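As numbered in the working numbering, the sequence shown has no gaps in its residue numbers, which increase by one up to the final residue, 1159. Where is the CB? At the ideal position from N, CA and C, for every residue including glycine. It should be emphasised that the depicted structure is a prediction, and the values quoted were computed from it without experimental measurement.
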Amino acid sequence: MALTAEERVRAAEDAVEQLRDGLARVGVMLPSLRIDPLTCTGHVLYPLMDLGRCNMDMALRLVAVLAGTYGPNHN
């Protein structure tokens, strides 16, 4: 069964919140994280996530998290 547009947007909003929470747990905040509004109205299966903009410090934290060298057990 195909999801309605409203269900797709709700699912995308939930995914954004899960991503925001997960990133916050490892010290990364992407202030512009959101659903891409242009894809909410289209016929894509799920709206795209816009990871947005961040400053250099946050970008380097994200790199460190991805490398496994930053997070709750690292400084």
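(request) Output yes or no for whether 7 angstroms exceeds the beta carbon distance between Asp1120 and Leu1132. (result) The sequence position of residue 1120 within the sequence shown is 36, counting from 1. The sequence position of residue 1132 within the sequence shown is 48, counting from 1. For Asp1120 and Leu1132, yes; Cβs fall inside 7 angstroms.
(message) Along the chain, where does the alpha helix (DSSP H) containing Leu1135 start, and where does it finish?
(response) Position 51 of the sequence shown, counted from the start, is the residue given in the question as residue 1135. Looking at the DSSP string, Leu1135 is not in any alpha helix (DSSP H), and its letter there is neither H nor E.
(message) For Leu1146, count the other beta carbons within 10 Å of its own beta carbon; 16 or more makes it buried, fewer makes it exposed. Which is it?
(response) Taking the first residue of the sequence shown as position 1, residue 1146 is located at position 62. So Leu1146 ends up on the buried side.
(message) Given a cut-off of 7 angstroms on the beta-carbon distance, is the pair Leu1135 and Leu1117 in contact?
(response) Working through the sequence shown from its first residue, we reach residue 1135 at position 51. Working through the sequence shown from its first residue, we reach residue 1117 at position 33. Their beta carbons are under 7 angstroms apart, which means Leu1135 touches Leu1117 by this criterion.
(request) For Met1092, collect the residues of the same chain with a Cβ closer than 7 angstroms to its Cβ; drop the 5 residues on either side in sequence, then sort them by chain order. (result) The residue labelled residue 1092 in the question sits at position 8 within the sequence shown. Inspection of the sequence shows that residue 1092 is occupied by Arg rather than by Met. Only Tyr1130 and Pro1131 meet the Cβ criterion.
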